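A.B. asks:
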Amino acid sequence: VGFFIVLQIAMIQLGLMYWLLVTGLPINDVSKQNGRWVVSTCGWQALWLLPCLKKAYSVSFRKTGNPGLDKHLWDVQTIVGIGQRFVLLGQVEDNGMLAESGWKLKSASTGMTALEHSRQTLESGDLVVDHSSTLSLDTSQGFLHFRSCWVLLCVGRIPEGFKLLVLLLLPWPLWLKAFHQKDWLVLGVAISTAITVILLVLASLLLAPRPAIEANRSNFMHFLPSHPQPLSVASQRTVDVANMSNLVVQFQFFIGSRNAHYVNSNILLPITDSHQLSFAEVIGRSTRRQSSRYFVSHWWGAPFEKSMQSICKHAQLAGGNKWKELAYWCCLFSVNQWRMEDELGNGDLARSSFYLALTDPMTRATLLLLDDEVGCLSRSWCLFEVLQTCLRSPGTTLDRSWSGFEGLLLCTP
């Protein structure tokens, strides 16, 4: 009996280590803290790597929804004394060299090596994609994978390797006796393996750790229509201020100062995944009849909360007491992210949902959302929307102009 108990515990320990290697650590959040990009993981263990063994570990990311994380290998370092948290040091390729797939670093003309420079740059949060926008690694989903199998031996409050070693060496009389009685060993391994597999499957289904944002998404989706109706007319996919405000309130803790890229990959795409529709279609059309709508032109790199504040300010000025009922066509909510080719008109801009919504007779004006950097004016789609707005505005000699159109409105938080 003692032999079987020890063997079962050892097999479960091996199973947990293998499970950790295959699935990786579930990510709770990746955010910028004190100038450094910090990865927080979740789980039933307080996972941390022994800092005395190695200063940096090579990891990869999976299903984070952020191409900057998923498409590259990274060096990470544990935050000493705090479990489940790691600091990103720099991008590396499989051969240990700095990744060069499109990422650029400021002040490259220094005397430091590429890897040293990348680590210092990441720790200062000074990594950029181009000259106009900083690299954002924000996410609240996905998995972190260690590239080296031996790293699993030093994971955990009590290192997994140490626990396995104790289980193998402490009951050595039982192992010695089992070695002389082969039936014990074969039967014990077979039964323990079967029980371990069953326990791991049940644990993955019932006890698997989930990132905190999943609970908010579940609560939000609970109040959505179970069978949303798709809208074939792109210009009708509007969202009123009340629904936009509700989204901000429900996920305010996670959104913070993050941009629309984070909101789209971590909130909107998971919510719309099961229906493969736009967010405007999933939440359902308002029961109040909308006689007109506003078109929103914005830059996804701007802070999402600031963009919503700009829309709310405009609604309060334009809608009076019923400002929460005003409807807006915003690509983030109104475009079906699961069918982008169709939304872009299959190459014909005149058939794209952007153009159709902007030129719809029910569209009263175009709202250009401005942030501190006026980043929208560096985006080709925003410039295209501004051009079409100017061509449609009253006073032009073109047939596309409409006397009831208010033209381009500049909005700030």
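For the sequence shown, my numbering begins at 34 and goes up steadily by one.
Where is the CB? At the ideal position from N, CA and C, for every residue including glycine.
Just so we're clear, the structure is a prediction, and the values are computed from it rather than from any experiment.
Going by other Cβ atoms of all chains shown within 10 Å of its Cβ, with 16 needed for buried, is Asn61 buried or exposed?
C.D. replies: Result: buried.
A.B. asks: What's the gap between the Cα of Val71 and the Cα of Val296?
C.D. replies: So the two alpha carbons sit approximately 19 angstroms from each other.
A.B. asks: Below 8 angstroms between beta carbons: does that hold for Leu402 and Cys444?
C.D. replies: Contact flag set, yes.
A.B. asks: Output needed for Ser173: all residues of its chain with C-beta closer than 6 angstroms, excluding positions within five of it in sequence on either side, in chain order.
C.D. replies: Contacts found: Asp62, Pro244, Ile246, Phe287, Asn299.
A.B. asks: Specify, as a first and last residue, the run of the beta strand (DSSP E) that Ser393 falls within.
C.D. replies: Residue identity check: residue 393 is Asp in the sequence provided, not Ser. Taken as a continuous stretch (DSSP letters only), Asp393 belongs to no beta strand (DSSP E), as it is neither H nor E.
A.B. asks: Just to confirm, is the Cβ distance from Leu53 to Leu102 under 8 angstroms?
C.D. replies: No. Outside cutoff.
A.B. asks: CB of Arg412 to nearest heavy atom of the ligand HEM: below 7 angstroms?
C.D. replies: Because no ligand of any kind appears in the structure shown, any question about the ligand HEM cannot be addressed here.
A.B. asks: For Ser385, count neighbouring Cβ atoms within 10 angstroms of its own Cβ and tell me buried if that reaches 16, exposed if not.
C.D. replies: The residue in question, Ser385, is buried, as its Cβ has 16 or more Cβ neighbours within 10 Å.
A.B. asks: Which ranges would you report for the beta strand (DSSP E) in the segment 273–301 if only whole runs of at least 3 residues count?
C.D. replies: Entirely contained in the segment 273–301, not one beta strand (DSSP E) run reaches 3 residues.
A.B. asks: Strictly by DSSP, which residues pair up with Tyr327?
C.D. replies: Bridge partners of Tyr327: Tyr361, Ala398.
A.B. asks: For the beta strand (DSSP E) containing His255, name the first residue and the last one.
C.D. replies: Premise fails: His255 lies in the alpha helix (DSSP H), 245–255, not in any beta strand (DSSP E).
A.B. asks: How about Phe438 and Ala398: are their beta carbons less than 8 angstroms apart?
C.D. replies: Cβ atoms of Phe438 and Ala398: closer than 8 angstroms.
A.B. asks: Would you check if the segment 346–357 and the segment 416–426 touch, i.e. whether three or more CB-CB distances between them fall below 8 angstroms?
C.D. replies: No, the segment 416–426 is not in contact with the segment 346–357.
A.B. asks: To the nearest angstrom, how far is it from the Cα of Pro336 to the Cα of Val368?
C.D. replies: If you take the alpha carbons of Pro336 and Val368, they lie about 19 angstroms apart.
A.B. asks: Where Ala360 and Ser91 are concerned, what is the direct C-alpha to C-alpha distance, given to the nearest angstrom?
C.D. replies: Cα to Cα, Ala360 sits roughly 48 angstroms from Ser91.
A.B. asks: Looking at C-alpha atoms only, which residue of Val407, Leu377, Phe328, Leu257 is the closest neighbour of Leu442?
C.D. replies: The option with the nearest alpha carbon to Leu442 is Phe328.
A.B. asks: If we ignore side chains and look at the alpha-carbon of each, how far apart do Lys139 and Gly98 end up?
C.D. replies: In this predicted model, Lys139 has a pLDDT of only 31, less than 50, meaning its place in the structure is not dependable enough to derive any value.
A.B. asks: Per DSSP, which residues does Trp371 bridge with? Please list them.
C.D. replies: According to DSSP, Trp371 bridges with nothing at all.
A.B. asks: Within the same chain, show all residues whose beta-carbon is closer than 6 angstroms to that of Leu377, passing over the 5 residues directly before and after it, in chain order.
C.D. replies: The answer, listed in chain order, is Ser385.
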